[in-house]
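The sequence shown maps to residues 6 to 172 in our numbering.
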Amino acid sequence: MSPPILTLGGPSPSSPSTPPKATPHLLPCRVHHNGSIEPIQPFWQPEKQPDGTSTSYFRGRKLHGTPLPLPSGYRGVVAAAILPPSKDAAEVQEGVIDLEDPNCGKPAQGRLDVQAEFDEVVMWGHEVAVTTDGGPAGDGGYVRGMEEWVALAGEIHSYPNPDGSGK
């Protein structure tokens, strides 16, 4: 079996041994910025409701958040890519194969370092809460997509019984 192209590792040596807990938020909008916005408090202040949902305002629009727990057996992580150093263009000669290099012809192996862990995702909807059944209270497309992806991944990574009767 060939080695993986990416491996998932623990926190980096400079970070604590147990990654902090985080909660990812899936917002129904597109923000054309990918940098830091510290401090975040003036822009994002979700309030927990007694029924477990959340409400917040983003750019004047009222949003309703529904927590969606991860399926059992799954672990949510926020990871940062640590890619291997690339070879200089001067070092790489096209068409030349070094028979003494044990990694010759193999893809470079990178690493994903865990920065934080989560056990739920908050799905946000405009003016109405996102429902898990995709009913009239909101678009459950992401919820259905996650559930279907988990079911498909389970089928892909399962092995049939020797008698041919499925899993």
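Glycine residues also receive a C-beta, built at the ideal position from the N, C-alpha and C atoms.
Below 8 Å CB to CB, which residues in the same chain sit around residue i once its five sequence neighbours on both sides are set aside?
i   : result
F48 : I42, F63
E52 : S59, T60, S61
Cα separation between residue i and residue j?
i    : j    : result
Q54  : T60  : 7 Å
L75  : D168 : 33 Å
A156 : G65  : 37 Å
P24  : R149 : 29 Å
So what does residue i bridge to, in DSSP terms?
i    : result
L13  : L117
E122 : K26, V82
I87  : R116
E52  : T60
M151 : Its beta-bridge partners do not exist; DSSP assigns none.
Less than 7 Å between C-beta atoms, sequence neighbours within five positions excluded: which residues of the same chain meet that for residue i?
i    : result
A142 : Interpretation of A142 is limited by its pLDDT of 49, a score under 50 that renders its predicted location unreliable; no figure is taken from the coordinates.
For residue i, count neighbouring C-beta atoms within 10 Å of its own C-beta (all shown protein chains included) and say buried if the count is 16 or more, exposed if not.
i   : result
L13 : exposed
If I measure Cβ to Cβ from residue i and keep anything under 6 Å in the same chain, skipping five residues before and after, which residues do I get?
i    : result
N39  : none
R116 : T12, G14, I87
**Request:** Would you check if there are 3 or more beta carbon pairs closer than 8 Å linking the region 72-88 to the region 116-126?
**Result:** Short answer: they touch.
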